[in-house]
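Here is the structure we will look at.
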Amino acid sequence: MAKIAYKIPIESADYPRWSAFALKQIRGILKERLVRGANKIFIRTNLKRGLSLENINKKAGPFVEVWALEVFDGVNADPSNRFHLVHVEAGARLDPYDIILQFKRRGKAAATITSYVDAKATAEDIPGSGRSPNITSFKRIRSAYVEDPDYMFVILSLKHKVYAEKSGDIGMTNGVMEIVSYHAYDLKYLSDKDISYNPSLGTGQIQVRDIHYVTLVSRNVWEFCQILDRKFMASKGKGEAAFMKMAAKEGWIK
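The numbers in the numbering used here rise by one with no breaks, and the one at position 8 of the sequence shown is 8.
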């Protein structure tokens, strides 16, 4: 392969600490919610038989994403919250993330840590549900890391189960979607074997091979970009020529 004059992103020396801090707060917020038992989404109907639980599971993603957004909104409503959460914002329709979270850095009067969170729902009671999700497009995430070497893309995995409850007063059946577990991790720290590239959609999608079982490794942003580039170039129908064309167009090379 010809030598390529890359624009090499260099993250801040404190980035690993910032990432660990943001993930700790995200996990802490969700843990508190589950411990309190405030982890259910009620789907009320006027149907005696209720909704098909299989169909509810297929549509769970948007419900779970909104639930997560409201959880973070609730914490942010308290300006003195112990999780240092200072801003919550929903992603726009075509954004690769669902939620933007900002946390105040310890010891920094006005500095914040921004996390771009992609919420993924998986069903506990359906084997293989959501196991290998599309995360974001290769082109979009690759560009994001060049534009901002401290870009923090967090995958939030939310596992749920769905069951039905009879409403005794009116004899109707309602659905209950219960969040039963969670995990959050920085995309950049996923091991090489956990990341795959699917060339069939647009410029290709970055996927997690099994969102329920991942290995995390320590690396910097440039090392991660090289992994993404290698997977793109090794993919059928892509290769070095396709990469160089995209890299030149997107400004990844000098």
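Just so you know, even glycine gets a beta-carbon here, dropped at the ideal spot from N, CA and C.
(message) So, for GLU89: in the same chain, excluding its five sequence neighbours on each side, which residues have a beta-carbon less than 6 Å away from its beta-carbon?
(response) ILE100
(message) Checking 8 Å against the spacing of the C-beta atoms, do VAL180 and HIS160 come in under that value?
(response) yes
(request) Assign PHE83 to one of three DSSP states: helix, strand, or coil. (result) coil
(request) Would you tell me roughly how many angstroms separate the C-alpha atoms of LEU158 and HIS183, rounded to the nearest one? (result) 7 Å
(request) Take every Cβ of the region 114 to 122, pair it with every Cβ of the region 149 to 158, and state whether three or more of those distances are shorter than 8 Å. (result) yes
(request) Please look up how many angstroms separate the CB atoms of LYS48 and THR173, rounded, as I've assumed it's under 8 Å. (result) 6 Å
(request) Could you name each continuous alpha helix (DSSP H) segment of 4 residues or more that falls completely within the region 213 to 246, going from the start of the chain to the end? (result) 221 to 234
(message) For a minimum of 4 consecutive residues, which ranges assigned as the alpha helix (DSSP H) are wholly contained in the region 10 to 55?
(response) Entirely contained in the region 10 to 55, the alpha helix (DSSP H) runs reaching 4 residues are, in chain order, 15 to 36.
(request) Could you check the C-alpha separation between SER196 and ALA119 for me, to the nearest Å? (result) 18 Å
(message) So, for PHE243: in the same chain, excluding its five sequence neighbours on each side, which residues have a beta-carbon less than 6 Å away from its beta-carbon?
(response) PHE232 and MET233
(request) Spell out the partners DSSP gives ALA121 in its beta bridges. (result) DSSP output for ALA121 lists LEU158 as bridge partner(s).
(request) In the DSSP assignment, find the unbroken alpha helix (DSSP H) run with ILE141 in it and report its ends. (result) 138 to 147
(message) Can you tell me whether ASP95 is helix, strand or coil according to DSSP?
(response) In the three-state DSSP reduction, ASP95 falls in the coil class, being neither helix nor strand.
(request) Since I believe GLN207 is in contact with SER132 (beta carbons under 8 Å), could you give me their beta-carbon distance rounded to a whole number of angstroms? (result) 6 Å
(message) Do LEU156 and ALA68 have their beta-carbon atoms positioned less than 8 Å apart in this structure?
(response) yes
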